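S.K.:
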Amino acid sequence: MQYTTLGKTGLQISRIGFGGIPIQKIDAEGTKKLMQRLMEEGVNYIDTARGYTVSESYLGYALEGIRDKFILATKSMSRTKEAMAKDIDISLGNLRTNYIDLYQVHNPSMDQLNQVLAEGGALEALMEAKAAGKIGHIGITAHSTEVFEKALSLDWVETIMFPYNIVESQGEELIKKCAEKNIGFVAMKPLAGGAIEDATLALRYICANPAVSVVIPGMAEEKEIEQNIAACCDTSAFTEEEKSGFQKVRDALGTNFCRRCNYCAPCTVGINIPGAFLFAGYLQRYDLGNWAKDRYSTLPVKASACVECGACETRCPYHLPIREMLKKVAADFGE
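1056 is the number of the first residue of the sequence shown in our numbering; add one for each residue after it.
Right, here's the structure in full:
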């Protein structure tokens, strides 16, 4: 197992971590088996979130007696001080621990980030929790390059999580800046939400980037742990076949794959277009239909509200057929 320092946190972590989304589809006992296997293999970084339904609770049960073997990260979508403070305490209870190594502001928009930073915002609760020893370090997750860039300028940000994979390379220059600023970079969506079928190819691609501190594929079976560790620990040069494979993936997904750059915004009727596509990805590529539908239901304006003005398509740098894609989202979710 390869280890690295997670930026300015100083934490020593394995270059492959555990993404906590998929364990929602197994159970607490299954999660416990996975944690035991991770410990045996030397994987010590675990990522979960308040929004991943039972994920924190399953992990809390699974980590009893071995909590000290792991660097534990979770996150909250709360934007106010009161709500964030409450979420931190809930996370501590769910995870059955008296400290969380890394607590992250979960995927804020620019407006929401301003709310987090304002008086009475979530940052105040995070700072107080850090001073009290409830959390060790503070980070942020994002899907927008605009938020990523802003996060790089915030002195309290110790880690940044952002999508990075064979087809989502829009953050590469910002990832380099993370290394320059000694900010830990956590690569999420390594398989592009399941769109990339060859996990070994995908993980080899990501781990070849020295600016990536840790990659966090979601895993629900022990065989996935074995395969993913082997891929991340393979430091050999890419073969010609692998290089060709990268391009094949880009060719297959590049014409109809939303990279969540948000250049399509603002939608004429207020649809969160990248968000709609994100939840559709969970519905189509993970066995998490109910959770995906629940997340989609939180969107104030659904895909079916599209008036087909086409303004978004003129701004999309990838020339996606957004109107047709929104029709499919609306059909898949029934609204």
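Even for Gly, the Cβ is constructed at its ideal location relative to N, Cα and C.
This one's a predicted model, so the numbers in the text were calculated from it and none came from an experiment.
1. Rounded to whole angstroms, what is the Cα-Cα separation between ALA1275 and VAL1109?
2. Of the residues ALA1128, ILE1078, GLY1115, ASP1082, which one's Cα is nearest the Cα of LEU1066?
3. Would you mind working out which of ASP1306, CYS1371, PHE1301 sits nearest ILE1328, comparing C-alpha positions?
4. From the DSSP output, in three-state form, read off PHE1388 for me.
5. Note down the Cα distance separating HIS1161 from GLY1175, rounded to an integer number of angstroms.
6. Would you identify the three-state DSSP class for ALA1197, choosing helix, strand or coil?
7. Where ALA1385 and ALA1358 are concerned, what is the direct C-alpha to C-alpha distance, given to the nearest angstrom?
8. Count Cβ pairs between the region 1169 to 1186 and the region 1150 to 1160 that sit closer than 8 Å; are there 3 or more?
9. Which whole-angstrom value describes the C-beta separation of GLY1072 and ILE1101, a residue pair presumed to lie in contact below a C-beta threshold of 8 Å?
10. Run the CB neighbour count on PRO1218, radius 10 Å, all protein chains shown included, and call it buried at 16 or more, exposed below.
11. If you draw a straight line from the C-alpha of ALA1173 to the C-alpha of ILE1261, how long is it?
12. State yes or no: is the C-beta of MET1165 within less than 8 Å of the C-beta of GLU1201?
13. Applying the 10 Å Cβ sphere with the 16-neighbour rule, what's the burial state of GLU1223?
14. How is the alpha helix (DSSP H) around SER1395 delimited, first residue to last?
15. Leaving aside the five residues before and after THR1152 along the sequence, list all residues of the same chain whose C-beta is less than 8 Å from its C-beta, in chain order.
16. Work out the CA separation of VAL1270 and THR1060 for me, nearest whole Å.
17. Looking only at DSSP bridge pairs, what is GLY1344 linked to?
18. Would you report the Cα separation of ALA1257 and ILE1215, rounded to the nearest angstrom?
19. According to DSSP, is GLY1065 part of a helix, a strand, or is it coil?
20. As an exercise, report each continuous alpha helix (DSSP H) stretch of at least 4 residues that is fully enclosed by the region 1157 to 1224, in chain order.
21. Excluding the 5 residues flanking ILE1145 on each side, which residues of the same chain have their C-beta closer than 6 Å to its C-beta?
22. Would you call the CB atoms of THR1323 and GLN1282 closer than 8 Å?
23. Let's see if you can read the secondary structure: which residues bound the alpha helix (DSSP H) around THR1255?
24. Less than 8 Å between C-beta atoms, sequence neighbours within five positions excluded: which residues of the same chain meet that for ASN1220?
25. Is GLY1273 helix, strand or coil by DSSP?
26. For ILE1238 versus GLY1389, is the C-beta spacing smaller than 8 Å?
M.R.: This is what the structure holds:
1. Their backbone Cα atoms lie some 14 Å apart in a straight line.
2. It is ALA1128 whose Cα lies nearest to the Cα of LEU1066.
3. For the residues ASP1306, CYS1371, PHE1301, the minimum Cα distance to ILE1328 belongs to CYS1371.
4. PHE1388: helix per DSSP, three-state reduction.
5. HIS1161 and GLY1175: Cα-Cα distance of roughly 17 Å.
6. Of the three classes helix, strand and coil, the one that applies to ALA1197 here is coil, per DSSP.
7. Looking at the two C-alpha atoms, the distance is approximately 5 Å.
8. The region 1169 to 1186 makes contact with the region 1150 to 1160, as at least three CB pairs between them are under 8 Å.
9. Yes, GLY1072 and ILE1101 are in contact; Cβ-Cβ is about 6 Å, under 8 Å.
10. PRO1218 is buried by the Cβ-count criterion.
11. If I take the Cα positions, the gap works out to 35 Å.
12. Contact: yes.
13. GLU1223 should be labelled buried.
14. The first residue shown for the chain is 1056 and the last is 1390, placing residue 1395 beyond what the model contains.
15. Counting only Cβ-Cβ distances below 8 Å, and skipping sequence neighbours, we find GLY1115, LEU1118, ARG1122, LEU1127.
16. Taking the straight line from one Cα to the other gives about 13 Å.
17. DSSP output for GLY1344 lists no bridge partner at all.
18. Spanning the alpha carbons of ALA1257 and ILE1215 requires a straight line of approximately 20 Å.
19. Looking at GLY1065 - three-state DSSP - the assignment turns out to be coil, as it is neither helix nor strand.
20. Restricted to the region 1157 to 1224, the alpha helix (DSSP H) segments that are unbroken, complete and at least 4 residues in length are 1165 to 1172, 1177 to 1186, 1200 to 1206, listed in chain order.
21. None.
22. No, they are not a contact pair.
23. DSSP places THR1255 in the uninterrupted alpha helix (DSSP H) bounded by 1254 to 1262.
24. Around ASN1220: ALA1242, LYS1244, PRO1245, LEU1246, ALA1247, ILE1251, ALA1257, TYR1260, ILE1261.
25. In the structure shown, GLY1273 sits in a strand (DSSP, three-state: E or B).
26. GLY1389 sits away from ILE1238, with the two beta carbons spaced by 8 Å or more.
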